[in-house]
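Residue numbers (the numbering used here): 26 to 295.
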């Protein structure tokens, strides 16, 4: 398996910019906004779920409000992701569901599968932190082997420039995308505004763009105020799967029956 995968990865990497090309981009600039770290903050999570625009919400597994908020968000037409905790270079704690560099294949597979089963309506995965793990071929190979079983896309949060996570996902044929802009590294309205404008400019230049934010009050306040103004500016908002479809001729991600369903097991963690 690893040799077959390595050849595929090398071929993908040899194409270089081919992975970044996005044929079939829409005429109207379109952004997707992922909100990471969902599941801790009930109040801001409810506000995000109730925003009219089609946000994509990435939930940490086994957190206090994850199941409740994911169900609410799904009922409000939001897209739901697993925000999978992965080892980082600064040794920050990962919490439940963490994937670390010292895990073997069985441990990574078991932990990732349980995390997926704990998130209602999950349709995609991105990495929480991961500046260490996303640079390592073997654990990324194990992660993508498991994700390839299900109808899931993968977004490389790109927490480090040398991440290979997106390339590994692409080598497995998993629908994959990469974060373009972080919105709120600094929690001020001025910083969020600057990054949001950068996201829009990126979409105008490339057709589509993906931003990542967090459930901070300043971020939610900004999105509530500014997302409704985008339509008159000629900017559309889509889910992550919507962006993928725009970049891929509006074709379906998965053929019917091609992947196995994720067996929900979140009740015991509720």
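The beta carbon of each residue, even a glycine, is placed where N, CA and C say it ideally should be.
query	result
Residue 288 versus 257, 53, 140, residue with shortest Cα-Cα distance	140
Cβ-Cβ distance between residue 55 and residue 268 below 8 Å	yes
Spatial distance of residue 286 from residue 176 (CA atoms)	7 Å
Extent of the continuous alpha helix (DSSP H) to which residue 266 belongs	265-272
Between the CA atoms of residue 277 and residue 245 - distance to the nearest angstrom	31 Å
Nearest to residue 212 (by Cα), restricted to the options 120, 222, 240, 270	240
Whole beta strand (DSSP E) elements within the stretch 192-224, 3-residue minimum	201-203
Element boundaries [alpha helix (DSSP H), containing residue 19]	No statement about residue 19 is possible, as the shown extent of the chain runs from 26 to 295 and does not include it.
Three CB pairs or more closer than 8 Å across the stretch 257-276 and the stretch 213-221	no
Any alpha helix (DSSP H) of 4 or more consecutive residues that is wholly inside the stretch 42-116	67-75, 91-100
Spatial distance of residue 79 from residue 243 (CA atoms)	19 Å
Alpha carbon of residue 120 to alpha carbon of residue 153, nearest angstrom	11 Å
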